Amino acid sequence: MNFNCLTPSVVFQEVPNEISLCFSITGCKIGCKGCHSTELWNESYGMPLTNTNFIHWLKKYKNLITCIVFFGGEWQASALIEKLLIAKNFGLKTCLYSGQDHIDINISQHLTFLKTGRWQAKLGGLDSTTTNQVFRNLLTGEKLNHLFSQNSATKEQHYAAA
Numbered sequence: 000m001n002f003n004c005l006t007p008s009v010v011f012q013e014v015p016n017e018i019s020l021c022f023s024i025t026g027c028k029i030g031c032k033g034c035h036s037t038e039l040w041n042e043s044y045g046m047p048l049t050n051t052n053f054i055h056w057l058k059k060y061k062n063l064i065t066c067i068v069f070f071g072g073e074w075q076a077s078a079l080i081e082k083l084l085i086a087k088n089f090g091l092k093t094c095l096y097s098g099q100d101h102i103d104i105n106i107s108q109h110l111t112f113l114k115t116g117r118w119q120a121k122l123g124g125l126d127s128t129t130t131n132q133v134f135r136n137l138l139t140g141e142k143l144n145h146l147f148s149q150n151s152a153t154k155e156q157h158y159a160a161a
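Taking numbering that gives the first Met the number 0, the leading residue of the sequence shown gets 0, the next gets one more, and so forth.
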């Protein structure tokens, strides 16, 4: 089973302390008001992400990345789980950004990191103290939202040390 995605990109901010290859999966059913990626609502948009294509991308970036991020895809659990298992076999950490509040255990058991919560402009994103969104390290259970705040002491210490 496969789904479509946009051309993946290397990202630095989506998972703290990781260099990630991000796959934006099309076919989102949530449709958050104010979504900045409405093209992801159309499941036929983008290119098919077959296992072969996915492995190609992992091999291309294997010495540059430490994590794989999926923006969505939980609506096709089997296809997503296949990709998560492949990524783990490459020694990569895994992350899912979802607008849902809860993710099926069959998916979450294969994740290192998970962002949940629908985008609500009035509440802000992960960098907001009023956000409804939660970013967790699923291996430790730790909530990591504080790492996204521009004013967090952690970031200030990081930049001061650099």
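Each residue gets a CB set at the ideal place from its N, CA and C atoms; glycine is no exception.
Predicted model, so just to flag it, every value in this text is computed and none were measured.
TODO: Between the Cα of Phe2 and those of Glu13, Lys82 and Asn16, spot the shortest distance and give me the residue it belongs to.
DONE: Shortest Cα-Cα distance from Phe2 to any of Glu13, Lys82 and Asn16 involves Lys82.
Task: 8 Å CB neighbourhood of Ile85 in its chain, flanking five on each side removed - done: Shown here for Ile85: same chain residues with a beta carbon closer than 8 Å to its own, the five before and five after excluded, namely Asn50, Phe53, Ile54 and Leu57 in chain order.
Task: Contact under 8 Å by Cβ, Ile64 with Leu20 - done: Contact check for Ile64 against Leu20 passes: the beta carbons are separated by less than 8 Å.
Task: Distance, Leu5 Cα to Met46 Cα - done: Each residue's alpha carbon lies about 6 Å from the other.
Open item on the list: By the three-class DSSP mapping on this structure, what secondary structure does Glu38 have?
Closed with: Looking at Glu38 - three-state DSSP - the assignment turns out to be helix.
TODO: May I ask you to report which of helix, strand or coil DSSP gives Thr93?
DONE: Strand, per DSSP.
Task: Length at least 4, wholly inside the region 49–113: the alpha helix (DSSP H) runs in chain order - done: 50–60, 76–88 and 104–107, all fully within the region 49–113.
Open item on the list: Tell me whether Asn52, by its Cβ, gets closer than 7 Å to a heavy atom of the ligand ZN.
Closed with: The ligand ZN is absent from the structure shown, which contains no ligands of any kind.
- [ ] Tell me whether Leu5 sits in a helix, a strand or coil according to DSSP, three-state version.
- [x] Under the three-state reduction of DSSP, Leu5 is assigned to coil, being neither helix nor strand.
TODO: From the DSSP output, read off the bridge partner residues of Pro47.
DONE: Looking at the DSSP output, Pro47 bridges to Asn3.
- [ ] Using the Cα positions of Thr129 and Asp100, report the straight-line distance between them to the nearest angstrom.
- [x] C-alpha separation (whole angstroms): 16 Å.
- [ ] Return helix, strand or coil for Asn131, following the three-state DSSP convention.
- [x] In this structure, Asn131 counts as coil in the three-state DSSP scheme.
Task: Nearest to Trp74 (by Cα), restricted to the options Gln12, Ile67 and Gly98 - done: For Trp74, the closest C-alpha among the options Gln12, Ile67 and Gly98 is that of Gly98.
Task: Pairwise C-alpha distance: Leu39 and Ile29 - done: Cα to Cα, Ile29 sits roughly 10 Å from Leu39.
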